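Reading through the structure tokens given below for one structure.
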Amino acid sequence: TEFETILVEVSDGIATLTLNRPKALNALNLQVLEDVTAAAEAADADDDIRVIVLTGQDRAFAAGADIKEMSTLDFSVAYRRNWFAGWNRLTAVSKPIITAVNGFALGGGCELAMMGDILIASEKAKFGQPEINLGVLPGMGGSQRLTRAVGKAKAMDLCLTGRMMDAEEAERAGLVARVVPHDELAATAREIAETIAAKSLIAAGMVKEAVNAAFETTLEQGLRYERRLFHSSLATADQSEGMAAFIEKRDPHFTDS
Ligand code: HXC
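My numbering puts the first residue of the sequence shown at 400, with every later residue one more than the last.
Written out as structure tokens, the structure is:
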């Protein structure tokens, strides 16, 4: 399928979605929301795809929600249409999503990067929640996911001052899993995706569910949820194969069953 605002490339079980509005630094308008969520849902439903990579290009991952589009938005429309809630379609995707941040990830761009499962950044990446400079505040999870990722001190600092932080600070703060040289970002994202693509899709889905539960539940509920998922994993052919392969000193061949 062709999309207006993103490029989609599929190979070896990996769907790479590249935001493609470079002149607007990949600002996120309604069409981008529709395209990214539709492409991610299609990849999720496609048995031949195992991992999704979401990235930007040139100087930007995404410089935020589209300010020109938002400038005409008023309370009644935003409230009635539940503006930005459509992004929940992306966080409902069950396959692993790697967000590879190549440049500016500001406002909605930072929030979009945080909707993925593994966030990797180039040395040129810049993160921030500059909404306060526009007289508003984050609206796609910045005050919530960022606070969970980096804690209150830095979340308040970023959201109240609107300053940018570089990739090194973001990694130190726990927002970013890995920082890599700029020209190695795509290859690293690919390498991580290939590594995960070789696993059982069921085990990978369970890992994603279990880690995400840590953000939604008490420790006791989360531990119980993890344990029950672990028990369930014993019902899969992939568990028998994975353990047999270890014992027989060979590579496992998972079948997602
Ligand atoms: C629409 C944008 C944009 C955005 C950049 N552009 N960001 N258009 N929405 N968020 C456009 C510019 O208007 C310009 O178009 C072109 O991209 C290049 O940007 P410049 O500003 O000329 O580049 P530069 O001087 O290098 O500055 C880069 C930048 C700056 C620091 C990233 O563009 C910037 O501050 N952008 C806005 C960042 C921001 O505030 N994001 C949060 C948005 S609110 P033209 O046509 O002039 O060449 C948000 C939260 C939503 O995301 C939820 C709460 C409401």
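For every residue, glycine included, the Cβ atom is placed at its ideal position computed from N, Cα and C.
From a predicted model like this one, the values you see are computed outputs, not experimental measurements.
Sort the options by Cα distance to residue i and report the nearest one.
i	options	result
K525	M563, N425, S632, E619	M563
H652	N611, F614, S599	S599
T498	H630, A586, D637, E433	A586
L406	L416, L518, S470	L416
G561	M539, V535, R547	V535
A444	R488, F629, G538	R488
Helix or strand or just coil, what does DSSP make of residue i?
i	result
K494	coil
S542	helix
A464	strand
E408	strand
K525	strand
R577	strand
F645	helix
M564	strand
On the DSSP bridge list, what partners appear for residue i?
i	result
Q456	A459
Alpha carbon to alpha carbon, how far is residue j from residue i? Give it in angstroms, no decimals.
i	j	result
G527	T490	20 Å
E401	L618	43 Å
P495	A636	21 Å
A592	I519	12 Å
V549	Q543	10 Å
E570	G507	19 Å
W482	G541	15 Å
A644	A512	36 Å
Write down the C-beta distance between residue i and residue j rounded to the nearest angstrom, noting that I regard them as a contact closer than 8 Å.
i	j	result
E522	A566	6 Å
A602	I413	Their Cβ separation, rounded to whole angstroms, is 18 Å, which puts A602 and I413 out of contact at 8 Å.
I466	L533	7 Å
E468	L505	No, E468 and L505 are not in contact; Cβ-Cβ is about 16 Å, not under 8 Å.
If you measure from the beta carbon of residue i to each beta carbon in chain D, is any gap under 7 Å?
i	result
D582	Structure shown: chain D not included; a single protein chain is present.
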